[in-house]
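S.K.: Numbering (my numbering), first residue to last: 1 to 338.
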């Protein structure tokens, strides 16, 4: 399924597709559980929030003028929804980290041609969720903080030089500076792109995984960058095609609502129709998210394996490990760096 030798582009793409086909229950099952669970928790939180603040919400919506709404009335609503959004962002991070870890866990078995049960994949992936989250957050901070600091310094210098009345000039220079700094962000993103795979394959911590990724990417930056971007594009296209029929179905379903003034629909009809539309659309977005996140991670994991084959001659070790298990021998260690 996956050649145990340095991989070409076609080998990586075919390997990612074949892995998704062979281990689809494990990959998409774990993703469906975590994303579905997160969606249920967020929906329940919104329902509880609306039930507890419905009087305030109705008062704000039906206020004659926006100026009539005081902070004492709107504050709990704003803070409540902000808390739900913050919790949703945290849950999304956990779900994404779980998908990253699941993809790498499945690839550990796929490169050796071994089967993997749902329970085994779940245990292995869940045990690495926190290190993967730490790796993603740390790489994001390393990438974004220097860019934000430099961009802020550019704006501050321009404002101090040309005066506070030339805000437009500062904004333009800031945007141009951001475009100039964009290559630095891309360079750092590619350098750290193999870190999540190193967390799972080698059980590295966040800092060790980032260092490991830099060592593996060194000397092949352009190749890793091009293949990673191609995987993101292909995953996004596949996700869009999956989401399209759900969005269309939801739109047609909403058109059936009696929204003209003559029919005078009841509140129950409107709520039921809106709920159906949101449910259909959310299902499509969830499936699209699963595909658009999983496929690039499979490609990135195979890039990690490819770089180790090229730099550390991992191929013969993998062949030995694949041959040792059917013969009942103790397979060699293929997880630690050589």
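The C-beta atom is built at its ideal place from N, Cα and C for all residues, glycine as well.
Since we're looking at a predicted model, the values are computed, not measured.
Given a threshold of 16 other Cβ atoms within 10 Å of its Cβ, counted over all protein chains shown, does residue 260 qualify as buried or as exposed?
M.R.: The residue given as residue 260 occupies position 260 in the chain shown. Unreliable positioning characterises residue 260 in this predicted model, as indicated by a pLDDT of 49, which lies under 50. The coordinate reading is nonetheless provided below. When all chains shown are included, residue 260 counts as exposed.
S.K.: State buried or exposed for residue 312, treating a residue as buried only when at least 16 other CB atoms are found within 10 Å of its CB.
M.R.: Taking the chain shown and counting its residues from 1, one reaches residue 312 at position 312. Looking at its Cβ environment, which holds fewer than 16 other Cβ atoms inside 10 Å, residue 312 is exposed.
S.K.: What's the call for residue 122, buried or exposed, on a 16-neighbour Cβ count within 10 Å?
M.R.: For the purposes of this step, residue 122 is taken as the residue at position 122 of the chain shown. Per the 10 Å Cβ criterion, buried.
S.K.: Which of helix, strand or coil does DSSP assign to residue 318?
M.R.: Against the chain shown, residue 318 aligns to sequence position 318. Note: residue 318 maps to helix in three-state DSSP.
S.K.: Helix, strand or coil, according to DSSP, for residue 111 in the structure here?
M.R.: Numbered from 1 along the chain shown, position 111 holds the residue referred to as residue 111. Coil at residue 111, not helix or strand.
S.K.: Taking only runs that begin and end inside the region 186-260, name each unbroken alpha helix (DSSP H) of 4 or more residues, in chain order.
M.R.: If we require 4 residues or more, the alpha helix (DSSP H) runs fully inside the region 186-260 come out as 195-201, 206-217, 221-255.
S.K.: Taking Cβ to Cβ, would you say residue 135 is nearer than 8 Å to residue 228?
M.R.: Position 135 of the chain shown, counting from 1, holds the residue named residue 135. Position 228 of the chain shown, counting from 1, holds the residue named residue 228. Result no, Cβ atoms of residue 135 and residue 228 do not sit closer than 8 Å.
S.K.: Between residue 304 and residue 310, what straight-line distance do the alpha-carbon atoms span, to the nearest angstrom?
M.R.: Taking the first residue of the chain shown as position 1, residue 304 is located at position 304. Taking the first residue of the chain shown as position 1, residue 310 is located at position 310. Rounded to the nearest angstrom, the two C-alpha atoms are 10 Å apart.
S.K.: Flag this pair as yes or no: are the beta carbons of residue 4 and residue 318 separated by less than 8 Å?
M.R.: Taking the chain shown and counting its residues from 1, one reaches residue 4 at position 4. Taking the chain shown and counting its residues from 1, one reaches residue 318 at position 318. Cβ atoms of residue 4 and residue 318: closer than 8 Å.
S.K.: For a test of the three-state rule: what should DSSP assign to residue 292, helix, strand or coil?
M.R.: By 1-based counting over the chain shown, the position of residue 292 is 292. Correct three-state label for residue 292: helix.
S.K.: Spatial neighbours of residue 12 within its chain, please: CB distance less than 8 Å, with the 5 preceding and 5 following residues excluded, ordered by chain position.
M.R.: Translated into the one-based positions of the chain shown, residue 12 becomes position 12. Around residue 12: 227, 299, 302, 303, 306.
S.K.: By a C-beta neighbour count over all protein chains shown, 10 Å radius and 16 as the cutoff for buried, is residue 275 buried or exposed?
M.R.: For the purposes of this step, residue 275 is taken as the residue at position 275 of the chain shown. So residue 275 counts as exposed.
S.K.: Quick check: the region 122-132 against the region 41-52, are at least 3 beta-carbon pairs closer than 8 Å?
M.R.: With the cut-off at 8 Å, the region 41-52 and the region 122-132 do not touch.
S.K.: If residue 206 sits next to residue 138, beta carbons under 8 Å apart, how far is it from one beta carbon to the other, in whole angstroms?
M.R.: Numbered from its first residue, the chain shown carries residue 206 at position 206. Numbered from its first residue, the chain shown carries residue 138 at position 138. Indeed they touch by this definition, with Cβ atoms about 5 Å apart.
S.K.: Starting from residue 17, trace the alpha helix (DSSP H) both ways and give me its first and last residue.
M.R.: Locating residue 17 in the chain shown gives position 17, where the first residue counts as 1. Element bounds for residue 17: 9-22.
S.K.: Which same chain residues end up closer than 6 Å to residue 231 when comparing Cβ atoms and leaving out the 5 residues on each side of it in sequence?
M.R.: The residue labelled residue 231 in the question sits at position 231 within the chain shown. Counting only Cβ-Cβ distances below 6 Å, and skipping sequence neighbours, we find 296, 299.
S.K.: In three-state terms, what does DSSP make of residue 70?
M.R.: Residue numbering aside, residue 70 sits at position 70 when the chain shown is read from its first letter. Note: residue 70 maps to coil in three-state DSSP.
S.K.: Going by C-alpha to C-alpha distance, which of 118, 105, 189 sits closest to residue 144?
M.R.: On the chain shown, position 144 is the one that residue 144 refers to. When only C-alpha atoms are compared, the closest one is 189.
S.K.: Between residue 234 and the rest of its own chain, which residues show a CB-CB distance below 7 Å, the 5 nearest in sequence each way excluded?
M.R.: Along the chain shown, one-based indexing puts residue 234 at 234. Hits under 7 Å: 295.
S.K.: Can you find at least 3 beta carbon pairs, one from the region 107-120 and one from the region 89-96, that sit closer than 8 Å?
M.R.: Contact between the region 107-120 and the region 89-96 is absent, because fewer than three Cβ pairs lie under 8 Å.
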